[in-house]
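Engineer:
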Amino acid sequence: MASSLLPAQHPQRVLLHNEIHARPAEIMEAPLAITHIVMLADAAQREASRKHVAELLRNHHQPLPDAATTHVLIDLGAFRLRWEQHTEFVAWTFTTPMEQPAVAEVREPATAIDAVPHEWLAALPGQCLSCLHLWVLNEQEVDAPALVRHLLQTETLVGSCVAADAGKIYTDFAIHADGFSRMLLLAGAGLSPRRLGRLVQRMLEIETYRMAALLGLPAARKAASVLATAERELAELAQAIRVADRDSEPALLDRLTRLAGQVESEYAATHSRFSASSAYFELVDKRIHELQETRLNGFQSIREFMDRRLTPARATCEWATRRQNALSERVSRVSSLLRTRVEIEQQQSSQQLLGTMNQRQDMQLKLQSTVEGLSVAAITYYITGLISYLAKGAQKLGWPASPEMTAAAAIPVVAFSVWWSLRRLHHKLFHGRHA
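Okay, so the sequence shown: first residue is 247 according to the working numbering, each after it adds one.
Here's what the structure looks like:
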């Protein structure tokens, strides 16, 4: 009855509400062997990844994921599988319980993928971006120094106390002979299974996001070469524009337009990569902060290692982004200056053309005035001739003056009348055109 009192629900309400519970940390108890594999995948490979996990679940008679599923966490007996689909990659995490080595025993621990079907594992869709073996052991039951020396490279060894000194983490951030990186987590007695699960998840995410963030570094190095060439060309164009004459400006404008297109094309090709890298770098910082690291005597901490080794790559990506933006703005400014210069010269040419047209119009007016004078004389001549003929006929009817005298007397009157009529017509047409 209570549910019927609810107002109309947003169609995405349940999905958005459950997002806060997406990809929860597992509850874990040492000792464990964990293998984490990250496969870089496009849209088709991500869909193939869904089918690949469905194949494994089908072989174990488990329910299959639907088309909207992006996260699977399931116990398959010999191992637990965690499958996560992200925007750019797919993460596979395999977890198996392991035998706790004796305190004095130093040997290579078993890995989680030993229990995974090898043919199925080799066919994971995409390209491997990161793969990591993580062993979680009880701190008080192992010879930590000897095990660390056996598993990890001492040259790049990193270690720290984490989770308020409830555990210790050791890694060397190196790829070993089997192609996997290695990490050792020694859980203290005060580390509860729930906290241990969150700690493991943070360590795996640090490795995943670290590698994803570094995808921007090759793009930044490639962009640096392209930007250096574009900057040289822009400098040459700026110098050429400074000394260019009017005839060479269209060619310079064409070169500048092509350069602007090249810069914007490079920006469009790398902007999403640099933005993603920036977001991944921030996630790495956040996950390291959540580790609650404290110094372990004789070891460099994870944060110190990341600050020293990851900061240059991060700065390179940020520098490439700033350089792209600065170059785009410079190209835009030079283009505006050149277009302004061309427009000013076009306006000057238009003014000169208008001046020439005005001169031609003045000449036409003078010629028209000359023609009007000739027209007045011609019209006066013909009208006077008509008056002379009229006078000859009128003389027979008693007109006292001779035709010659009549025509002579009519010439000034006719000429003035014709001239006045043409002036009025000209005035009317002139004002009508400019109205």
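Here a beta-carbon is modelled for each residue, glycine too, at the ideal position from N, C-alpha and C. If you're wondering where the values come from, they're calculated on a predicted model, not measured in any experiment.
(1) Report the rounded CA-to-CA distance for Leu690 versus Gln538, giving the unit in angstroms.
(2) Cα separation between Ser574 and Ala566?
(3) Would DSSP call Met552 helix, strand or coil?
(4) Using a Cβ-Cβ cut-off of 6 Å (strictly less than) and excluding sequence neighbours within five positions of Ala462, which residues of its own chain qualify?
(5) Where do the N-terminal and C-terminal ends of the alpha helix (DSSP H) with Gln522 fall, by residue?
(6) Since Ile452 is in the alpha helix (DSSP H), which residue starts that stretch and which ends it?
(7) With distances taken Cα to Cα, identify the nearest neighbour of Asn543 among Gln447, Leu403, Met429 and Ala484.
(8) Would you mind sorting Val530 into buried or exposed? The rule is 16 or more other CB atoms within 10 Å of its CB.
(9) I need the straight-line Cα distance from His317 to Arg395, nearest angstrom please.
(10) Of all the alpha helix (DSSP H) runs that stay within the bounds of the region 300 to 340, which reach a length of 4 or more residues?
(11) Tell me, please, which residues DSSP counts as bridged to Trp666.
(12) Looking at the structure shown, is Pro343 part of a helix, part of a strand, or coil, going by DSSP?
(13) The beta strand (DSSP E) spanning Thr281 covers which residue range?
(14) Alpha carbon to alpha carbon, what distance is there between Glu528 and Glu550?
(15) Please go through the same chain and pick out, in chain order, the residues whose beta-carbon is closer than 7 Å to the beta-carbon of Gln346, but skip the five residues on each side of it.
(16) Mapping the DSSP letters down to three states, classify Val577 as helix, strand or coil.
(17) From Ile273, Leu499, Pro496 and Asp500, pick the residue whose C-alpha is nearest to that of Pro343; which is it?
(18) Report yes if the C-beta distance between Tyr416 and Tyr526 is below 9 Å; otherwise report no.
(19) Quick one: grab the DSSP three-state call for Arg269.
(20) On the criterion of 16 or more Cβ atoms from any shown chain inside 10 Å, does Met651 qualify as buried, or is it exposed?
(21) Quick check: Lys414 and Ala435, are their CB atoms within less than 9 Å of each other?
(22) Let's test the definition: count the other Cβ atoms within 10 Å of the Cβ of Met285 and tell me whether it reaches 16, buried, or not, exposed.
(23) So does the region 358 to 378 actually touch the region 279 to 296, counting three or more Cβ pairs closer than 8 Å?
(24) Using a Cβ distance threshold of 8 Å, determine whether the region 252 to 264 contacts the region 326 to 342, with at least three qualifying pairs required.
(25) Taking the alpha-carbon positions, what's the Ser667 to Ala623 distance?
(26) Identify every residue that forms a DSSP beta bridge with Lys414.
(27) Does the distance from the C-beta atom of Thr357 to that of Ala423 stay below 9 Å?
(28) Drop a sphere of 10 angstroms on the beta-carbon of Gly405, count the other beta-carbons inside from all chains shown, and report buried for 16 or more, exposed for fewer.
(29) Here's the rule: buried if 16 or more other CB atoms are within 10 angstroms of the residue's CB, otherwise exposed. What is Ser582?
(30) Residues in its own chain within less than 7 Å of Glu479 by CB, not counting five upstream and five downstream?
(31) Helix or strand or just coil, what does DSSP make of Ser471?
(32) Let me check one thing: in DSSP terms, what residues is Thr686 bridge-paired to?
(33) Which residues share a DSSP beta bridge with Asn384?
(34) When you compare each of Gln598, Ala459 and Ala412 to Arg440 by their alpha carbons, which one comes out closest?
(35) Does the pairing of the region 297 to 307 with the region 318 to 326 give three or more beta-carbon distances under 8 Å?
(36) Out of curiosity, what's the CA-to-CA distance linking Pro649 and Ser596?
Structural biologist: Short version:
(1) The first residue shown for the chain is 247 and the last is 681, placing residue 690 beyond what the model contains.
(2) Distance between the alpha carbons of Ser574 and Ala566: 12 Å.
(3) Note: Met552 maps to helix in three-state DSSP.
(4) The residue asked about is misnamed: residue 462 is Gly in this sequence, not Ala. Same-chain partners within the cutoff: Arg519, Phe520, Ser523 and Cys563.
(5) What sits at residue 522 in the sequence shown is Ala, not Gln. Glu495 to Glu536 is the extent of the alpha helix (DSSP H) around Ala522.
(6) Where Ile452 is concerned, the enclosing alpha helix (DSSP H) starts and stops at Pro439 to Ala459.
(7) Comparing alpha-carbon positions, the option among Gln447, Leu403, Met429 and Ala484 lying closest to Asn543 turns out to be Leu403.
(8) Classification for Val530: buried.
(9) Taking C-alpha positions only, His317 is separated from Arg395 by approximately 36 Å.
(10) Runs found: none.
(11) According to DSSP, which records beta bridges pairwise, Trp666 is partnered with nothing at all.
(12) Note: Pro343 maps to strand in three-state DSSP.
(13) Looking at the DSSP string, the run of the beta strand (DSSP E) that includes Thr281 is Leu278 to Leu286.
(14) One C-alpha to the other measures close to 16 Å.
(15) Excluding positions up to five away in sequence, the list reads Pro277, Leu383, Asn384 and Glu387.
(16) Reduced to three states, the DSSP call for Val577 is helix.
(17) Across the set Ile273, Leu499, Pro496 and Asp500, the C-alpha of Ile273 shows the shortest separation from the C-alpha of Pro343.
(18) No, the pair does not count as a contact, with Cβ atoms beyond the cut-off.
(19) Three-state result, Arg269: coil.
(20) Around the Cβ of Met651, a 10 Å sphere holds fewer than 16 other Cβ atoms; the residue is exposed.
(21) Cβ distance not < 9 Å, so Lys414 and Ala435 don't count as in contact.
(22) Buried, since its Cβ has 16 or more Cβ neighbours within 10 Å.
(23) Here the region 358 to 378 lies against the region 279 to 296, with 3 or more beta-carbon pairs under 8 Å apart.
(24) In the pairwise beta carbon analysis, the region 252 to 264 is classified as not touching the region 326 to 342: fewer than three pairs are separated by under 8 Å.
(25) If you draw a straight line from the Cα of Ser667 to the Cα of Ala623, it comes to about 13 Å.
(26) BP columns for Lys414 point to Cys407 and Leu432.
(27) Their beta carbons are not under 9 Å apart, which means Thr357 does not touch Ala423 by this criterion.
(28) The residue is buried, with at least 16 neighbouring Cβ atoms inside 10 Å.
(29) Exposed, because fewer than 16 other Cβ atoms sit within 10 Å of the Cβ of Ser582.
(30) Cβ neighbours of Glu479 within its own chain (closer than 7 Å, five residues either side excluded): Leu505.
(31) In the three-state reduction of the DSSP assignment, Ser471 falls in the helix class.
(32) Shown here, the chain extends from 247 to 681; a query on residue 686 therefore has no answer.
(33) Per DSSP, Ala433.
(34) Ranking the options by Cα distance to Arg440, first place goes to Ala412.
(35) Verdict: yes, contact present.
(36) Those two C-alpha atoms are separated by around 60 Å.
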